[in-house]
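Residue numbering for the sequence shown follows this note's numbering, starting at 3 and increasing by one per position.
We treat Cβ as the ideally placed atom computed from N, Cα and C, and that holds for glycine.
First the structure, in the form of structure tokens, and then the observations on it.
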Amino acid sequence: CAHALGSVKEQPEFWPRFRELERFDPVTTLLVDDNLEILRTARGYGIGHLVSVLRPDSTHSPTPPGEFSAIHDFSELLPVS
Numbered sequence: 003c004a005h006a007l008g009s010v011k012e013q014p015e016f017w018p019r020f021r022e023l024e025r026f027d028p029v030t031t032l033l034v035d036d037n038l039e040i041l042r043t044a045r046g047y048g049i050g051h052l053v054s055v056l057r058p059d060s061t062h063s064p065t066p067p068g069e070f071s072a073i074h075d076f077s078e079l080l081p082v083s
């Protein structure tokens with residue numbers, strides 16, 4: 003997707019281009035990512051719900067939570083019984 007749009011999620015121009023391709027409401031959109039720069043850029047565009055991943059690589063120690071809500075894995079967002 004990023005290649006087709008000519009920019010990556012870290013670049014501000016990605017978000018309006020992506021919205022033209024996939025219609026979404028930034029205010030109600032949830033973005034989960036392990037890249038803080040992507041989350042910061044998405045926040046600047048107006049993405050309403052941003053969550054970072056504490057341990058994107060299981061071979062490394064978790065990163066401390068920072069400026070965004072954070073999860074260890076998706077079960078914290080979507081509990082499965």
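Coil, strand or helix - residue i by DSSP
| i | result |
| --- | --- |
| residue 41 | helix |
| residue 22 | helix |
Residues that DSSP places opposite residue i in a beta bridge
| i | result |
| --- | --- |
| residue 1 | Given a span of 3 to 83 for the chain in the structure shown, any question on residue 1 remains unanswerable. |
| residue 72 | 54 |
Sequence-distant residues of its chain with Cβ nearer than 6 Å to residue i (five each side left out)
| i | result |
| --- | --- |
| residue 33 | 44, 49 and 52 |
Contacts around residue i, its chain only, beta-carbon distance under 8 Å, and the 5 residues preceding and following it disregarded
| i | result |
| --- | --- |
| residue 76 | 34 |
| residue 67 | 54 and 56 |
is_contact[residue i, chain B] using C-beta, thresh 9 Å
| i | result |
| --- | --- |
| residue 51 | Structure shown: chain B not included; a single protein chain is present. |
Status (buried if at least 16 other CB within 10 Å, exposed otherwise) for residue i
| i | result |
| --- | --- |
| residue 41 | buried |
| residue 26 | exposed |
| residue 54 | buried |
Test item: CB-CB of residue i and residue j under 9 Å
| i | j | result |
| --- | --- | --- |
| residue 14 | residue 46 | yes |
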